[in-house]
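Colleague: What follows is a single structure, and I will ask about it in a moment.
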Amino acid sequence: MTAIPTSDRPPIAVRLTPVLDWLRAHVPAGADLTSDTRKLKVGDVFVAYVLGNVRQRGDGRPHIPQAIEAGASAVLAEAHGYMVPADAPVRILPVDGLAELAGPLAAQWYAVPGPDALRVIGVTGTNGKTSCSQWIAQALSRQGERCAVVGTLGTGFVDTLVATGFTTPDAIQLQRSLADLHRAGARAVAMEVSSHGLEQGRADGTRFDIALFTNLTQDHLDYHGTMAEYELAKARLFGWPGLRAAVINRDDAAGVRLLTGLRADIEAVEYGIDGEAAAQRGAKHWLRATSVRAHRTGTTFDVDGSFGRATVHSPMVGLFNVSNQLGVLGVLLMAGVPWQDAIARLEKLQPVSGRMERFGGEDGPLVVVDYAHTPDALEQTLRALAPITEARGGKLWAVFGCGGDRDPGKRPQMGAIAERLAQHVVLTSDNPRSEDPQQILDMIADGMEDPYVAVQIEDRAAAILHAVRHADAHDVVVVAGKGHESTQEIAGRKRPFSDQEHVRLALAARGVNA
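In this text, residue positions in the sequence shown follow UniProt numbering: the first is 1, and each later residue adds one.
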């Protein structure tokens, strides 16, 4: 992310020194930096940078008067095209290229420690970021050491997350959060790194030690435009200055390209399911899952590779979760956890909220709430639950919609996937945002060979109730798309809504324990 593209600016470290010196000379100790006037407290420093990449523009400088009125003690402002008012009531420092300095500046201002004291593990990919980051935090929080999380579910420790509204917070808030987490006892942080966050510079200033790549499938094309641009954004994490190790899914074509282009000083672990042993290709570090066996309460699989061999018994279901667990295992090993200990920690992982979360199933239908909101994620979820449905002797239901104001190209694809893999399909609203909910449902149905096999119920609560009420006791009902989310956005207004809560209510209505 650069505010004003130039080729002749000095290195960031050189440009930071005078800004830090100025802040230390003119700003009270303990003052926070912020680029958001809504979060500014009396005495804070307002950072008014300009976003100027191709896909996002924004200028914080018009908000300087508001920040001063709210009590800002000083202001940093993008210098390009800006004159400091002669009657400015607080000190204002013009800074060239302030946007790209924001993260590194905050990292130094808050004294965020390096990997020796705070190991930051970046997790990126279309699907699996939340599960992997949560599992890494679970696995590394042992024997008195604590691993925190930054991501979709919030920031903090696994049992005390505070929602932020972003997968990757803005650059200044992120560095402040890392410093706060370290002071609270964190010795590691598992951080979801979104493609938006990478392209917009939100991760700038972060000293990543290990990076994990899960997969790349269609999503966010409303923002990136093409899959090539989307992949390029993800790839930024694997060229990060100072990155020590990369754990990469070789079953994904984008993962293969990442492995090919890695710097020589980055230690790589490649992983995959079945296929040839990576040792045959000369890989130094590799993991492979074989003999995957699904059962009603989870999955068992064998792992071999350059580190050793073991059998893993997991409470999670689905091949995609086997892949995710291999990625987590690779991170643990690169973090220095011994092989047998890493396997033991892997087997103790617990499901993540809104990710293949199961309700009922004993005396009524099994209902699964999952965040699957892309074509690949929906397909993987339905395929994962097919053998469980067959073992129960029932049929598979898919209840889902697609988000408004987001990539419309995936809507008919998801309709086709649901028709092919589920025996019952209920189309409903996800977060329609500013779009007409019915038009979104029609676009999903356009992908189906026989759209009349799908029931359309725009009201999501009513759709969940319909599916649970009409499902046979042996059936499996998937409620997909929103997962952990606690609100639904309709016509620009967010209202409280939880798939989990409505599933519990629907099961209770038919006398089934959730």
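By construction, the Cβ of each residue, glycine as well, lies at the ideal position given by its N, Cα and C atoms.
Please specify which runs of the beta strand (DSSP E), each continuous and at least 3 residues long, are wholly inside the UniProt domain "Mur ligase C-terminal" (354 to 483), giving them in chain order.
Modeller: With a minimum length of 3 residues, the continuous beta strand (DSSP E) runs that stay inside the UniProt domain "Mur ligase C-terminal" (354 to 483) are 357 to 360, 366 to 370, 396 to 400, 424 to 427, 454 to 456, 476 to 480.
Colleague: In or out: N513 buried (at least 16 other Cβ within 10 Å) or exposed?
Modeller: Within the sequence shown, the letter at position 513 stands for residue 513. Exposed, because fewer than 16 other Cβ atoms sit within 10 Å of the Cβ of N513.
Colleague: From I68 to A372, what does the alpha carbon distance come to, in whole angstroms?
Modeller: Counting from 1 along the sequence shown, the entry for residue 68 is found at position 68. Counting from 1 along the sequence shown, the entry for residue 372 is found at position 372. Distance between the alpha carbons of I68 and A372 is about 43 Å.
Colleague: CA-CA distance, G97 and G298?
Modeller: Residue mapping note: residue 97 aligns to position 97 of the sequence shown, counting from 1. Residue mapping note: residue 298 aligns to position 298 of the sequence shown, counting from 1. Their backbone Cα atoms lie some 51 Å apart in a straight line.
Colleague: In the DSSP output, which residue or residues are listed as bridge partners for M227?
Modeller: For the purposes of this step, residue 227 is taken as the residue at position 227 of the sequence shown. None, per the DSSP bridge assignment.
Colleague: Express the C-alpha separation of L174 and I121 in angstroms, rounding to a whole number.
Modeller: Translated into positions along the sequence shown, residue 121 becomes position 121. Translated into positions along the sequence shown, residue 174 becomes position 174. Approximately 14 Å, taken between the alpha carbons.
Colleague: Can you tell which of Q488, R469, G483, A491 has its C-alpha closest to the C-alpha of L507?
Modeller: Within the sequence shown, residue 507 is the residue found at index 507, counting from 1. Answer by Cα proximity: R469.
Colleague: Report the three-state DSSP secondary structure of L40 (helix, strand or coil).
Modeller: Residue 40 sits at position 40 when you count from the first residue of the sequence shown. Correct three-state label for L40: coil.
Colleague: Should the stretch 142 to 151 be called in touch with the stretch 188 to 201, which here means at least 3 C-beta pairs below 8 Å?
Modeller: Touching, per the Cβ criterion.
Colleague: List in chain order: all unbroken beta strand (DSSP E) runs of 3+ residues lying wholly within the stretch 174 to 226.
Modeller: Segments of the beta strand (DSSP E) lying fully in the stretch 174 to 226: 186 to 192, 208 to 213.
Colleague: Specify the secondary structure class of N513 as computed by DSSP and reduced to three states.
Modeller: Residue numbering aside, residue 513 sits at position 513 when the sequence shown is read from its first letter. Three-state DSSP puts N513 in coil, outside helix and strand.
Colleague: Got a sec, what are the start and stop residues for the alpha helix (DSSP H) residue 526 sits in?
Modeller: Any question about residue 526 goes unanswered here, given that the chain covers just 1 to 514.
Colleague: Within the continuous beta strand (DSSP E) that includes G298, where are the two ends?
Modeller: Here residue 298 refers to the residue found at position 298 of the sequence shown. Where G298 is concerned, the enclosing beta strand (DSSP E) stretches over 298 to 305.
Colleague: Taking L237 as the reference, give the member of T124, V303, G401 with the closest Cα.
Modeller: Numbered from 1 along the sequence shown, position 237 holds the residue referred to as residue 237. Taking only the C-alpha atoms, the option nearest L237 is T124.
Colleague: Is V477 near the ligand FAD, with its Cβ less than 6 Å from a heavy atom?
Modeller: You won't find the ligand FAD in this model; it holds no ligand whatsoever.
Colleague: Drop a sphere of 10 angstroms on the beta-carbon of E390, count the other beta-carbons inside from all chains shown, and report buried for 16 or more, exposed for fewer.
Modeller: Working through the sequence shown from its first residue, we reach residue 390 at position 390. Looking at its Cβ environment, which holds fewer than 16 other Cβ atoms inside 10 Å, E390 is exposed.
Colleague: Contact check, V45 vs L76 under 8 Å by CB: the rounded distance?
Modeller: As a working note, residue 45 is residue 45 in the sequence shown. As a working note, residue 76 is residue 76 in the sequence shown. Confirmed, Cβ separation roughly 7 Å.
Colleague: Might you give, ordered along the chain, the residues of its own chain that have their beta carbon closer than 7 Å to the beta carbon of L181, omitting 5 neighbours on each side?
Modeller: Taking the sequence shown and counting its residues from 1, the one referred to as residue 181 is at position 181. Cβ within range, chain order: A148, V189.
Colleague: CA-CA distance, V54 and A377?
Modeller: Against the sequence shown, residue 54 aligns to sequence position 54. Against the sequence shown, residue 377 aligns to sequence position 377. Residue confidence is low: V54 scores 48 on pLDDT, short of 50, so the model does not pin down where it sits. Its coordinate-derived value is still stated next. Near 28 Å, if we compare the C-alpha coordinates of A377 and V54.
Colleague: Taking I172 and L33 to be in contact with their CB atoms under 8 Å, please state how far apart those CB atoms are, rounded to whole angstroms.
Modeller: Counted from its first residue, the sequence shown places residue 172 at position 172. Counted from its first residue, the sequence shown places residue 33 at position 33. Contact holds; Cβ gap of about 5 Å.
Colleague: DSSP has N249 in a bridge; who is on the other side?
Modeller: Your numbering for residue 249 matches position 249 in the sequence shown. Answer is Y271, bridged to N249.
Colleague: Buried or exposed: which applies to G393, given that a residue is buried once 16 or more other Cβ atoms fall within 10 Å of its Cβ?
Modeller: Translated into the one-based positions of the sequence shown, residue 393 becomes position 393. Answer is exposed; the Cβ neighbour count stays below 16.
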